[in-house]
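In our numbering, the protein residues as written are 1224 to 1429. Don't be surprised by glycine CBs; every beta carbon is placed ideally from N, CA and C.
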Amino acid sequence: MSRFGPDPLAFFNSVYQQAAPWDIGKVQPDMASMISKHLPQSPILDIGCGSGDLTIYLAQLGYQVLGIDFVETAIQLARHRAKALPEENARLLNFQVADALKPSYLQQKFAAVMDSGFYHLFSPEQCDELIDEVASVLLADGCYYLHEFAVEFPIPNVPRQITTQEIETKFSKAKGWQIEELQNVSFLSSVAPPVAAICACIRKLA
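Encoded structure:
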């Protein structure tokens, strides 16, 4: 059972009938800070991109980037927002309705994968599968950027807590990863005070 009921797509479709609480109209500041310290290479994949704030931010920086999400309404909103970009940035950007848990279905390779609030939606077992999927689309020496909740809320239909211990365990050198940086940060929303979070840059070893 998903944390978001028997039909997660229906749940997230309902959320996007109005402004999603995680949609703050800009990139999450702590994710932007991590990107600035560990500069990625193109092309970039943004999994669970929602309405496209991070994807658009990356295109504005000059990166070639693909944003994917399974919620068609979110992708439509992202494409609408992208229309405001200058042509030189807009041409670097693409949005696609796709299962972000299965990026291998894209049959593409990427130098970086961005994940701002996606990993924390799933159980530890599902996250193991997601990590394998991310590894399959990342080029050697590419990086996986994570920004996830680090607190557990005693209410339904919310992300789970992601601890630094979990990240260190799942992304060990023995498993083919090297953690470049792992920070305690915040995650902003439009409906509540900042939430405790973690942010990481994790390199896939050759």
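{"Check": "For the alpha helix (DSSP H) containing A1242, name the first residue and the last one.", "Outcome": "A1242 -> no alpha helix (DSSP H), and no H or E assigned at all."}
{"Check": "If I'm right that L1428 touches W1400 with Cβ under 8 Å, what's the distance once you round it to whole angstroms?", "Outcome": "6 Å"}
{"Check": "In angstroms with no decimal places, state the Cα-to-Cα distance between D1322 and A1415.", "Outcome": "28 Å"}
{"Check": "Look at the alpha carbon of A1363 and the alpha carbon of T1392, and state the distance between them as a whole number of angstroms.", "Outcome": "20 Å"}
{"Check": "Please report the residue range of the alpha helix (DSSP H) in which C1350 lies.", "Outcome": "P1347 to V1360"}
{"Check": "Count the other CB atoms, across all protein chains shown, that sit within 10 Å of the CB of D1215; report buried if there are 16 or more and exposed otherwise.", "Outcome": "What the structure shows of the chain is the stretch from 1224 to 1429, and residue 1215 is not part of that stretch, so it cannot be assessed."}
{"Check": "For the beta strand (DSSP E) containing Q1388, name the first residue and the last one.", "Outcome": "It is not in any beta strand (DSSP E) - Q1388 instead sits in the alpha helix (DSSP H) that spans T1387 to K1393."}
{"Check": "List the endpoints of the continuous beta strand (DSSP E) containing E1403.", "Outcome": "W1400 to F1410"}
{"Check": "Can you grab the Cα-Cα spacing for the pair A1301 / V1238, in whole Å?", "Outcome": "15 Å"}
{"Check": "Please report the straight-line C-alpha distance between A1297 and H1261, rounded to a whole angstrom.", "Outcome": "28 Å"}
{"Check": "Would you call the stretch 1354-1362 and the stretch 1382-1391 in contact, with 3 or more CB pairs under 8 Å?", "Outcome": "no"}
{"Check": "Here's the rule I'm using: 16 or more other beta-carbon atoms within 10 Å means buried, otherwise exposed. How should F1376 be labelled?", "Outcome": "exposed"}
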